[in-house]
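0 is the number of the first residue of the sequence shown in numbering that gives the first Met the number 0; add one for each residue after it.
Even glycine gets a Cβ: it sits at the ideal position worked out from N, Cα and C.
Contents: one structure, followed by commentary.
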Amino acid sequence: MTELPAAKRGAALLNDPELNKGTAFTEAERQALGLRGLLPPRVMTQDEQLERILPGVRSRPTPIDQYAYLVSLHDRNVTLFYRLVMDHLEEVMPILYTPTVGQACQEFGRIFRRSRGLFVTADDTGHVRDVLANWPHDDVRMIVVTDGERILGLGDLGANGMGIPIGKLMLYTACAGLSPSQCLPITIDVGTDNTLLRESASYMGLRQPRLRGAAYDALLDEFVAAVQERWPRVCLQFEDFGNHNAFTLLDKWRNRISTFNDDIQGTASVTLSGLYSASRITGTPLKDMRLLFLGAGEAGIGIGDLVVEAMVEEGVPLEDARRQCWFMDSKGLVVRSRTDLASHKQPYAHDHAPVATFLDAVESVKPHAIIGVSGMPGTFTAPVLAAMARHNERPIIMALSNPTSKAECTAREAYATTDGRAIFASGSPFAPVTHKGRTHVPGQGNNAYIFPGVGLGVIVADSSRVTDEMFAAAARTLAATVTEDDLAMGRIYPSLSRIREVSRAIAVEVARIAYDRGLARAPRPDDLDAAVAAAMYEPVYPVYAQ
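This is the structure in structure tokens:
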């Protein structure tokens, strides 16, 4: 039986979404906790509650309306919310996260009903510890933080970016079983350079240009120090920062605290996993692949770095591995003769004549795979796809930009233009496509296959660091779950219905690395798999009175 705080009785209990059971409070609980008369008289089981709630979700006319309905359920009853999400994950994930979460961020002010998480602002400089002290939970183990500068492919959404940490942490719980009370979304509001947003009547953030330079750096330093002081066992995930800050923050903190950047490392891991799976179809091992990236920001370079590490593990010399990864940015092919390259691009600047268009780059490099992380929709044009099909029997097409409106091409375009020979994966979900009588099931290169399991493993081991080795292991583990039946359908990732199984397997491997490398602060269990399973939250109502 679970003991409640003395103040949690009657209406106060019903208004606490983490403790509320709604109509599922038993007669004994209603009598003991001052709930008689505050609820309809019928006691319902959780299954009966779901039968009542689920049609309400499905009846909403648009995904954003469904999102708002689900968020309102979370605001009332966290346990029932996660029961619904876990039981219907394939149906609900596109509503709660990609692609609907992008629109939810754009409309954050309109659909906002109840605050969740913490907002740390530029005005809190010198007082960040006081802000963090207001959070009611002492055992926070996972924080997802953004400053809202690069939300998906939508750009600077300022404080509206809070939808991303909220959504990510929902997936941590739904996909890997992190306890909701151990998860904390944070937005660092330093203003926005989106003038239309600043002038919007519904915008709820600071109405000022984005803070930059030394003042920004000092605020972030203060924030990280305050987080470590308040929750010394926490893992800090940086999310949707602008390119410069994303690389700078990761480089600064990765060897000092337990932290990672999902846009750089999580995206890299899920993409590497897809390449491993695709190699089983093409017969070309990873070490022999040439890759051409459209986009040379945090996602693209992160993928390149992890792919290079994987190739080196397979015996390819470092410089040769880098020469197999080519990048195209807004100014053309990344080549050595260019003088405008940021430091993170320079390792991939090869000796080659300048190339201005992506089609010309495909014709010149003749890659086995093209990987879109540009946020530029429609850039995998019909001529580009046709060129890929001309150079490869089974061209690998990865249009990873989110949300759906930003994808470099659609699944239908990829299959139709390559006569059904493409191995296609995308960041946002696409429906199966039938081409000449054969149905192809697109793979979704969703980071949700990776980061929840990595986070769970880090937490189980209480790892002091999150390493690239862990993300490489996560990629191999995910790829190993792809069946021959999946590959026969053209799918290079497993069904989302198996994601808790996948997360558990990844967590075991991540925790094992933490223990083997001396990074773990928790005692090593005799049975690591059992320890991971025992740590996974299940949305079952507690008993408060009998």
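- Item | Contact the stretch 87-98 vs the stretch 501-519: 3+ CB pairs below 8 Å | no
- Message: The alpha helix (DSSP H) that contains residue 397, what's its start and end?
- Response: No alpha helix (DSSP H) holds residue 397; the beta strand (DSSP E) holding it covers 395-398.
- Query: With distances taken between CB atoms, is the gap from residue 388 to residue 418 smaller than 8 Å?
  - Reply: yes
- Item | Close-in-space but distant-in-sequence residues of the same chain around residue 528 (CB under 6 Å, 5 per side omitted) | If the five residues before and after residue 528 are omitted, its C-beta is found closer than 6 Å to the C-beta atoms of 507, all from its own chain and listed in chain order.
- Task: Give me the Cα-Cα distance between residue 320 and residue 128, rounded to the nearest whole angstrom.
- Result: 45 Å
- Sorted by chain position, which residues of the same chain lie with C-beta nearer than 8 Å to residue 1's C-beta, five sequence neighbours on each side aside? Closer than 8 Å at the Cβ level, and outside the excluded window around residue 1, lie 541, 542 and 543.
- Item | Among 318, 313, 344 and 248, the one whose alpha carbon lies nearest that of residue 327 | 344
- So, do the stretch 33-42 and the stretch 73-87 have three or more beta carbon pairs nearer to each other than 8 Å? no
- Item | Touching by the beta-carbon criterion (3+ pairs, under 8 Å), the stretch 117-124 and the stretch 182-189 | yes
- Task: Leaving out five residues on either side along the sequence, give the residues of the same chain with a beta carbon under 6 Å from the beta carbon of residue 58.
- Result: none
- Message: If contacts are defined as beta-carbon pairs under 8 Å, then residue 371 and residue 407 qualify, I think. What distance do you get, rounded to the angstrom?
- Response: That pair is a contact at about 3 Å.
- Message: Once DSSP output is grouped into helix, strand and coil, what is the label at residue 497?
- Response: For residue 497, the secondary structure class from DSSP, reduced to helix, strand or coil, is helix.
- Query: Which one or two residues does DSSP pair with residue 432 in a beta bridge?
  - Reply: 439
- Message: As an exercise, report each continuous alpha helix (DSSP H) stretch of at least 4 residues that is fully enclosed by the stretch 176-223, in chain order.
- Response: 194-197
- Message: Can you tell me where the alpha helix (DSSP H) holding residue 107 begins and where it ends?
- Response: 107-110
- Nearest-angstrom Cα distance between residue 221 and residue 125? 8 Å
- Identify which residue in 155, 228, 210 and 176 has its Cα closest to the Cα of residue 195. 155
- Message: Below 8 Å, how does it come out for the stretch 211-230 and the stretch 269-278: are there three or more Cβ pairs, yes or no?
- Response: no
- Task: With a threshold of 16 other CB atoms inside 10 Å of the CB of residue 435, please say whether the residue is buried or exposed.
- Result: exposed
- Query: Do you know offhand how far residue 335's Cα is from residue 354's?
  - Reply: 12 Å
- Could you have a look at residue 163 and say whether DSSP puts it in helix, strand or coil? helix
- Using a threshold of 8 Å, state whether the C-beta atoms of residue 384 and residue 433 are closer than that. 8 Å or more divides the Cβ of residue 384 from the Cβ of residue 433.
- Under 8 Å, do residue 234 and residue 454 count as touching if we go by C-beta distance? yes
- Item | Selection from 91, 339, 24 and 17 that minimises the alpha carbon distance to residue 428 | The shortest C-alpha separation from residue 428 is found at 91.
- Message: Between which residues of its own chain and residue 55 is the CB-CB distance below 8 Å, once the five residues before and five after are set aside?
- Response: Counting only Cβ-Cβ distances below 8 Å, and skipping sequence neighbours, we find 68.
- Message: Less than 8 Å between the beta carbons of residue 131 and residue 226, yes or no?
- Response: yes
- Give the straight-line distance between the Cα atoms of residue 141 and residue 520, rounded to the nearest whole angstrom. Distance between the alpha carbons of residue 141 and residue 520: 16 Å.
- Could you give the DSSP three-state label for residue 242: helix, strand or coil? helix
- Query: What are the boundary residues of the beta strand (DSSP E) that includes residue 236?
  - Reply: 234-237
- Item | Delimiting residues of the alpha helix (DSSP H) encompassing residue 531 | Its alpha helix (DSSP H) spans residues 527-534.
- Inspect the CB distances between the stretch 102-112 and the stretch 159-176 and report whether three or more fall short of 8 Å. Touching, yes, given that three or more Cβ pairs across the two stretches are closer than 8 Å.
- Message: In the DSSP assignment, the beta strand (DSSP E) including residue 141 goes from what residue to what residue?
- Response: 141-145
- Message: Report the CB separation of residue 394 from residue 411 in whole angstroms; it is logged as a contact under 8 Å.
- Response: Not a contact, Cβ separation roughly 15 Å.
- Item | Beta-carbon proximity check, residue 9 vs residue 405, cutoff 8 Å | no
- Query: Where does residue 33 sit, in a helix, a strand or coil, going by DSSP?
  - Reply: Looking at residue 33 - three-state DSSP - the assignment turns out to be coil, as it is neither helix nor strand.
- Quick one: what does DSSP say residue 52 is sitting in, helix, strand or coil? helix
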